[in-house]
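Read the structure below first, then the notes.
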Amino acid sequence: MAVRRECGQDYHVPMEDGRLSRDDAGSAEAILAGLKALESFNARDAEADEIEPGSALALLEAQFASSHGVGLLLKQSLAAAMDNLQALRRLLFADASTGAASYRLYTHAPYSLVRTVIECGSTVLWALLPEDGRERARRSLVLIARDVFNAASFWDTYLEEFHPERHAEAVEYFDGLRHEVNASAAAMGLPPIFSRKADGRWGYTTKNRTQTAILKDLQAEDQLPPELLYVWQFCSGYSHGLVWASGNGGLEPSRLDAGEGAGGAEPGVLQASGGDEPAMLHAPDGAEPGVLGASGGMEQLQRVCRVAFDVVPRAWEVFDLRRRAWPLI
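For the sequence shown, numbering that gives the first Met the number 0 begins at 0 and goes up steadily by one.
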């Protein structure tokens with residue numbers, strides 16, 4: 000059975016009555032199977048997982064100030080990934096007392112959850128996958144600095160406007176964190192990440208600080224499927240309700256000249272399927288054709304879920320690898 004959500008109402012549509020195509024039903028079943036395959040990770044509590052003394056992650060933690068280590072950031076990423084996976088399960092499927100699952104059809108909401116799963120899982124992979132300990136340390140410092148920068152930006156403006164009596168204390172606190180980050184950078188032989196500008200404000204310069212840069216790194220290193228970056232960008236478009244992603248008119252690939260590319264993009268990145276068929280968005284460089292499928296279709300959602308679901312066990316695997324102190328053989 001499926002549930003179509005329209006105008007705030009849920010409409011239950013039995014799959015067997017023919018109103019849902021066989022392809023849609025198959026895609027829904029594939030998504031459910033993928034979620035069930037990850038259920039063992041739902042029982043994991045990253046916060047409770049010990050970072051064992053002598054492990055690679057423990058050695059990494061020792062390079063940073065105790066007030067702001069990378070272990071907490073990575074555990075938070077894993078927890079957020081699993082929380083969004085469980086939310087996706089509850090959003091898309093309603094379990095009946097008989098044990099059968101009903102499916103709900105949504106347009107945009109699932110893509111927001113899939114996007115977060117990709118972001119959080121890939122962040123863990125980016126930080127911990129490198130075999131070189133110095134590179135793991137550098138990437139971890141980038142994540143710590145990004146967290147400090149974002150927190151300072153928010154609390155500085157929020158407290159200044161709504162709680163000015165607490166603003167000076169917050170400024171002092173975040174100044175201290177910036178100095179700690181710079182001290183960690185100096186200990187690793189890296190230039191300062193934060194620096195004072197002429198007007199007294201803090202500057203923030205470091206590479207790989209955006210999610211796009213992180214995914215490009217993983218893509219360039221062949222650590223993840225080549226379509227992951229494009230799936231994440233596509234899910235981001237859906238999450239923000241952008242027309243180009245939802246395909247409801249305006250910027251479909253069918254309206255673009257595939258020979259010249261779009262907005263300076265490499266020719267072939269956006270390709271129309273031709274004729275009266277729905278436009279297809281294809282990933283370049285040998286990615287599987289039609290990874291994103293026809294816009295708005297159930298097969299499309301199933302394919303982006305498949306890519307995201309692949310990230311989860313790999314993130315847990317590398318986290319366990321780095322947090323455990325393995326005996327010498």
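Positions of the beta carbon are idealized from the N, C-alpha and C atoms, including for glycine.
Since the structure is predicted, the reported quantities are computational estimates derived from the model, not experimental observations.
In chain order, 50 place their CB closer than 6 Å to the CB of residue 57, counting only its own chain and leaving out the 5 sequence neighbours on each side. CA-to-CA, the gap between residue 236 and residue 297 works out to about 17 Å.
By the CB criterion at 8 Å, residue 307 and residue 124 fall outside the cutoff. An exposed status is given to residue 215, since fewer than 16 other beta-carbon atoms sit within 10 Å of its beta-carbon.
The alpha-carbon of residue 165 is positioned some 16 Å away from that of residue 175. Using a 10 angstroms sphere on the CB of residue 81, the tally of other CB atoms reaches 16 or more, which defines it as buried.
Under the DSSP definition of a beta bridge, residue 193 partners with 203. With distances taken between CA atoms, residue 117 lies nearest to 77 out of 77, 190, 127. In the DSSP annotation of this structure, the continuous segment of the beta strand (DSSP E) that includes residue 94 starts and ends at 92–94.
Taking the CA atoms as reference points, residue 204 sits about 20 Å from residue 72. Counted as a single uninterrupted DSSP element, the alpha helix (DSSP H) harbouring residue 122 occupies residues 108–127.
Between the alpha carbons of residue 147 and residue 79 lies a distance of about 19 Å.
When rounded, the separation of the alpha-carbon atoms in residue 326 and residue 113 is 37 Å. Annotation: residue 154 to residue 85 spans about 30 Å, alpha carbon to alpha carbon.
When C-alpha distances from residue 181 are compared across 194, 219, 60, the shortest belongs to 194. Non-local C-beta neighbours of residue 187 in its own chain, meaning closer than 8 Å and more than five positions away in sequence, comprise 62, 133, 136, 137, 140, ordered along the chain. Looking at 179, 22, 311, the one whose alpha-carbon comes closest to that of residue 65 is 179. Residue state for residue 88 is assigned as helix, using DSSP reduced to three classes.
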